[in-house]
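**Student:** Residue numbers for the sequence shown follow this note's numbering, so the first one is 3 and each next one is one higher. Note that CB positions come from ideal geometry on N, CA and C, so glycine has one too.
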Amino acid sequence: MLKKIFDFNFVKNVNLAPLKWALFCLLSSITLLVCGSDSYAQNSGANISARIDFGVNIFTPHFKFDEIDFTSVKKVLESDTKNLPVRAFMLSSYVNNIAGGTKSINESALELEKVLSFILLRYDPQRSETCFDRGYLYMIIANLGYQNYNSRIYALMALCDMAALLQQEPLNPYYHLFYTVVYASLKDQDISEFKLYDPLEELKKSLSFEVTDPQFHYIVGSTFLAVAQNSPDIHQLAYAEFMQSVKLAPKNKALKEKVFKNLIELLTEYDERKIKKPLWLEESAYLYLIEKDQDSAAAHNNLGYLYTMSNTKLDAGLEHCKKAIALDPNNPVYLHSLGCAYYKNRDIKKAVATLKKAYSLNPELKEVHEHLSEIYLQMNDNESAVRHLEFLFAQDTTDALINNNYAYVLSEANLKLETALNCSLNAVKAEPDNAVYLDTLAWAYFKNFMLKEAFETIEKAIKIDPALGALYMHKGDFLFFDDKISEALDNYNRGFMLDPAFPGAVENIAMLKSIKALRDKLGAMKKSFPKVQQVVCQDEKGVKRPFSYDEYDFYFHKLFEQAGFEPVKFEAVKSAKKPLKISSEQAASDAGAAVKPPENGQDSRKKLLNDENSVGEDIMKFMNTTGEVIFYDKTFEVILKSTVETSINGGAKSTPENEINKTSAEIKLK
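Below is the structure:
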């Protein structure tokens with residue numbers, strides 16, 4: 003398979019620090035950022051905003067207590083108890099200040115709770131907002147105690163406190179969240195035996211409640227990232243929560259920026275770990291960029307190319323590529339993307355023209371050579387296809403990608419098959435777990451008639467990437483060659499579901515279905531032979547007798563009519579075979595009936611077929627020894643040709659079934 007890559011320069015050029023999820027550092031700054039709404043702007047005042055940077059990471063060694071005006075913060079806290087961001091900052095700073103002194107953690111926590119108890123619990127204790135406040139207080143205390151003293155005892159106490167809250171109010175979404183947050187913050191401790199609830203499951207339960215607080219959804223998303231950093235599925239849940247927070251606070255520009263930053267950091271992390279990025283992650287980043295700047299040619303191009311090469315939203319991909327060209331008409335990279343989009347949308351003429359223009363602007367752009375070679379290959383222009391890949395191969399014979407693509411094109415073009423196999427082996431040696439390279443190697447094995455190795459290699463590729471449709475398409479090719487039509491069709495259907503735009507998929511599936519139907523009909527025709535024999539080989543009185551060519555003609559048509567075929571060239575076939583000359587006496591003796599003189603006056607006639615035990619076999623022989631017979635059904639035609647000239651009564655035995663097997667093996671799937 004040709005592997006297509008594209009450097010998403012926009013993402014790679016973003017200078018961001020690696021993603022580090024220090025959860026409580028994030029939570030404290032997040033609460034200040036996310037809920038920095040109008041109420042905060044009205045209440046904070048210049049005396050606070052001028053002295054406090056609400057974006058600092060509180061739980062770091064670089065935090066400076068002397069920068070905080072505690073008096074002003076306390077006034078804000080007392081004036082509006084609903085202002086959670088300021089309150090969270092106040093709580094964190096106050097406990098840090100005390101814990102950094104001479105008092106113990108118990109004394110610090112007790113003093114904090116006494117000082118703030120009236121403010122935190124002034125609402126109805128049954129209201130979720132009050133529960134949220136107290137739960138948040140426990141969470142802050144637990145985290146500060148853990149970070150300042152790194153004590154397993156305090157970690158377990160905090161976890162038990164949150165478990166108790168969760169047990170008291172299982173329908174409170176905040177407690178499901180806080181339990182997970184506390185557990186995640188203590189994951190370095192050996193507390194597995196105290197895990198009363200599964201933290202990830204508790205976090206998922208919080209999603210079942212209808213919470214309209216944007217901060218809640220943001221913290222849920224952040225917590226998902228903290229507890230399952232290596233799971234793309236959990237990353238998607240986190241992103242959904244981030245977007246829900248944006249939806250609930252559409253005017254909060256700072257929140258949107260933070261969500262976008264999270265996406266970029268995730269993309270950077272995937273790149274650094276060299277793992278495949280989920281489609282939704284890249285799509286989300288580009289959609290955000292386009293929303294922010296409708297005239298970003300790079301964002302339109304990257305999103306269009308992403309849709310194109312992932313075979314999703316092909317129409318939208320083409321439109322985004324067109325938009326990029328409208329903004330930057332002579333950019334060869336964007337022209338390459340547009341050419342690929344045309345190709346995936348089955349506009350081959352525009353695809354070639356666009357890629358040629360990209361080539362004229364930058365002949366060194368290797369992606370253009372790769373895709374032009376792929377298109378020329380589909381157009382059966384093997385010479386042009388190989389020329390573009392040889393250009394790349396000549397520049398770097400060690401590059402795994404170039405070796406892979408060169409091997410694939412040579413294999414498809416049936417040229418230098420031994421070279422193709424060697425190049426493919428080089429690519430797999432460099433990247434043994436690359437499913438695309440393994441697919442090419444399997445194809446090279448197949449073209450070198452090494453069917454066993456082809457099957458083994460394609461199975462290995464499928465285990466590595468079971469969602470790659472081309473793997474099933476090629477496995478279907480191998481099965482078809484191995485005369486396993488039903489299994490081949492199953493693999494083609496599966497591959498088509500995964501990759502509907504795979505070249506030739508629709509045509510090949512139709513062909514396989516037709517071949518299968520043809521075989522079924524031939525099987526039914528074989529079963530009909532005994533019935534024909536009974537009719538042909540006995541007269542009205544039940545006396546068995548031979549039959550003539552005229553009767554053969556009649557029953558031959560009837561037989562194929564039963565099987566659903568139309569032998570449109572039967573007359574030409576029959577006339578092309580010269581009748582055998584035998585004596586009238588011998589014919590009469592063989593026939594056991596009176597012989598009529600020939601109408602043309604010649605001393606010859608059509609030989610009677612007198613072997614009643616081989617009527618079906620004779621029909622088969624007749625089909626395969628008289629030149630050419632074409633059978634038609636609605637979607638398919640197969641030509642059966644005799645390879646050995648034999649007489650009707652003897653010679654090599656050949657059946658339509660065998661001929662189909664030979665013909666099937668020779669058909670080259672696109």
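Let me confirm a value: Asn232 is counted as buried when at least 16 other C-beta atoms fall within 10 Å, else exposed. Which label applies?
**Tutor:** Stepping through the sequence shown from its first residue, residue 232 is reached at position 230. Classification of Asn232: exposed, given that the 10 Å Cβ count is below 16.
**Student:** Helix, strand or coil for Thr314 per DSSP?
**Tutor:** Numbered from 1 along the sequence shown, position 312 holds the residue referred to as residue 314. The answer is coil: DSSP assigns Thr314 none of H, G, I, E or B.
**Student:** Just confirm the distance between the C-beta atoms of Phe244 and Tyr290, as a whole number of angstroms; I'd bet it's less than 8 Å.
**Tutor:** Numbered from its first residue, the sequence shown carries residue 244 at position 242. Numbered from its first residue, the sequence shown carries residue 290 at position 288. Contact flag wrong, Cβ pair sits at about 11 Å.
**Student:** Quick check: the Cα distance between Leu470 and Leu500, rounded to an integer number of angstroms?
**Tutor:** Taking the sequence shown and counting its residues from 1, the one referred to as residue 470 is at position 468. Taking the sequence shown and counting its residues from 1, the one referred to as residue 500 is at position 498. Rounded to whole angstroms, the gap between the alpha carbons of Leu470 and Leu500 is 7 Å.
**Student:** Would DSSP call Ala503 helix, strand or coil?
**Tutor:** Within the sequence shown, the letter at position 501 stands for residue 503. Coil.
**Student:** What would DSSP say about Ile277, mapped onto helix, strand or coil?
**Tutor:** To locate residue 277, count along the sequence shown from 1; it is residue 275. Looking at Ile277 - three-state DSSP - the assignment turns out to be coil, as it is neither helix nor strand.
**Student:** On the criterion of 16 or more Cβ atoms from any shown chain inside 10 Å, does Phe448 qualify as buried, or is it exposed?
**Tutor:** In the sequence shown, the residue the question calls residue 448 occupies position 446. With 16 or more other Cβ atoms within 10 Å, it is buried.
**Student:** My assumption, with CB atoms under 8 Å, is that Pro331 sits in contact with Leu367. Please give the rounded CB distance.
**Tutor:** Here residue 331 refers to the residue found at position 329 of the sequence shown. Here residue 367 refers to the residue found at position 365 of the sequence shown. Pro331 to Leu367, Cβ: 16 Å. No contact.
**Student:** So, at 7 Å on beta carbons, what are the nonlocal neighbours of Trp445 in its own chain, with the 5 sequence-adjacent residues on each side left out?
**Tutor:** Within the sequence shown, numbered from 1, the residue matching residue 445 stands at position 443. Excluding residues within five positions, the ones whose Cβ falls inside 7 Å are Tyr410, Ser413, His476.
**Student:** DSSP on Ser362, reduced to helix/strand/coil?
**Tutor:** The residue labelled residue 362 in the question sits at position 360 within the sequence shown. Here Ser362 carries a helix assignment [DSSP, helix/strand/coil].
**Student:** Leaving out five residues before and five after Val213 in sequence, what residues of the same chain have Cβ atoms less than 6 Å from its Cβ?
**Tutor:** In the sequence shown, counting from the first residue as 1, residue 213 sits at position 211. Cβ contact annotation for Val213 (same chain, cutoff 6 Å, sequence separation greater than five): Pro175, in chain order.
**Student:** Give every residue of the same chain whose Cβ lies closer than 6 Å to the Cβ of Gly497, excluding the five residues on either side of it in the sequence, and list them in chain order.
**Tutor:** If you number the sequence shown from 1, residue 497 lands on position 495. Gly471, Tyr474, Met475.
**Student:** May I ask you to report which of helix, strand or coil DSSP gives Thr459?
**Tutor:** Residue numbering aside, residue 459 sits at position 457 when the sequence shown is read from its first letter. Thr459 falls in the helix class under three-state DSSP.
**Student:** Using the Cα positions of Ser386 and Ser375, report the straight-line distance between them to the nearest angstrom.
**Tutor:** The count along the sequence shown starts at 1 and reaches residue 386 at position 384. The count along the sequence shown starts at 1 and reaches residue 375 at position 373. Cα to Cα, Ser386 sits roughly 7 Å from Ser375.
**Student:** Can you name the start and end residues of the alpha helix (DSSP H) that Val229 belongs to?
**Tutor:** Indexing the sequence shown from 1 puts residue 229 at position 227. Element bounds for Val229: 216 to 229.
**Student:** From His338 to Arg348, what does the alpha carbon distance come to, in whole angstroms?
**Tutor:** Working through the sequence shown from its first residue, we reach residue 338 at position 336. Working through the sequence shown from its first residue, we reach residue 348 at position 346. Each residue's Cα considered, the two are about 15 Å apart.
**Student:** Along the chain, which unbroken stretches of the alpha helix (DSSP H) at least 4 residues long are found entirely within the region 282 to 354?
**Tutor:** 299 to 311, 316 to 329, 334 to 346
**Student:** Do Ala519 and Asn313 come within 8 Å of each other at the CB atom, strictly closer than that value?
**Tutor:** Indexing the sequence shown from 1 puts residue 313 at position 311. Indexing the sequence shown from 1 puts residue 519 at position 517. For Asn313 and Ala519, no; Cβs fall outside 8 Å.
**Student:** Starting from the C-beta of Lys315, find all residues in its chain whose C-beta is less than 6 Å away, skip the five residues before and the five after it, and write them out in chain order.
**Tutor:** For the purposes of this step, residue 315 is identified with residue 313 of the sequence shown, where counting begins at 1. Excluding sequence neighbours, Lys315 sits near Tyr309.
**Student:** Mind checking Leu675: buried by the 16 CB within 10 Å criterion, or exposed?
**Tutor:** Here the chain has residues from 3 to 672 only, and residue 675 is not among them.
**Student:** Rounded C-beta distance between Leu453 and Phe483? I'm assuming under 8 Å.
**Tutor:** Along the sequence shown, read from residue 1 onward, the residue named residue 453 stands at position 451. Along the sequence shown, read from residue 1 onward, the residue named residue 483 stands at position 481. Their Cβ separation, rounded to whole angstroms, is 7 Å, which keeps Leu453 and Phe483 in contact under 8 Å.
**Student:** For the region 458 to 466 against the region 429 to 446, do three or more pairs of beta-carbon atoms, one drawn from each stretch, fall closer than 8 Å, so that the two count as touching?
**Tutor:** yes
**Student:** Pairing CB atoms from the region 246 to 262 with CB atoms from the region 200 to 217, are three or more of them under 8 Å?
**Tutor:** They touch, by the three-pair rule.
**Student:** Please state the DSSP three-state secondary structure of Phe451.
**Tutor:** For the purposes of this step, residue 451 is taken as the residue at position 449 of the sequence shown. It is coil, neither helix nor strand.
**Student:** Please classify Thr356: is it buried, with 16 or more other beta-carbons within 10 angstroms of its beta-carbon, or exposed?
**Tutor:** Position 354 of the sequence shown, counted from the first residue, corresponds to residue 356. Classification for Thr356: buried.
**Student:** Near Leu394, what residues of its chain come up, given a Cβ to Cβ distance below 6 Å and the 5 sequence neighbours on each side ignored?
**Tutor:** Looking up residue 394 in the sequence shown gives position 392. The answer, listed in chain order, is Lys368, His371, Ile404.
**Student:** So, at 7 Å on beta carbons, what are the nonlocal neighbours of Arg275 in its own chain, with the 5 sequence-adjacent residues on each side left out?
**Tutor:** On the sequence shown, residue 275 is found 273 positions in, with the first residue counted as 1. Cβ neighbours of Arg275 beyond the five flanking positions: none.
**Student:** Find out if the Cβ-Cβ distance for the pair Ala402, Ala422 is shorter than 8 Å.
**Tutor:** The count along the sequence shown starts at 1 and reaches residue 402 at position 400. The count along the sequence shown starts at 1 and reaches residue 422 at position 420. The answer is no: Cβ separation not under 8 Å.
**Student:** By DSSP, does Leu691 sit in helix, in strand, or in coil?
**Tutor:** This structure cannot settle anything about residue 691, because the visible part of the chain is limited to 3 through 672.
**Student:** When you compare only the Cα positions, how much space is there between Ile266 and Ala230?
**Tutor:** Taking the first residue of the sequence shown as position 1, residue 266 is located at position 264. Taking the first residue of the sequence shown as position 1, residue 230 is located at position 228. If I take the Cα positions, the gap works out to 18 Å.
**Student:** Just the Cα atoms here: how many angstroms apart are Asn384 and Tyr378?
**Tutor:** Translated into positions along the sequence shown, residue 384 becomes position 382. Translated into positions along the sequence shown, residue 378 becomes position 376. Answer to the nearest angstrom: the Cα atoms are 7 Å apart.
**Student:** DSSP three-state label for Ala387, please.
**Tutor:** Residue mapping note: residue 387 aligns to position 385 of the sequence shown, counting from 1. Residue state, collapsed to three classes: helix.
**Student:** Using the Cβ count rule (16 or more neighbours within 10 Å means buried), how would you classify Asn674?
**Tutor:** Here the chain comprises residues numbered 3 to 672, so residue 674 is not present and cannot be evaluated.
**Student:** Within 10 Å of its beta-carbon, does Val508 have 16 or more other beta-carbons around it, so buried, or fewer, so exposed?
**Tutor:** Taking the sequence shown and counting its residues from 1, one reaches residue 508 at position 506. So Val508 counts as exposed.
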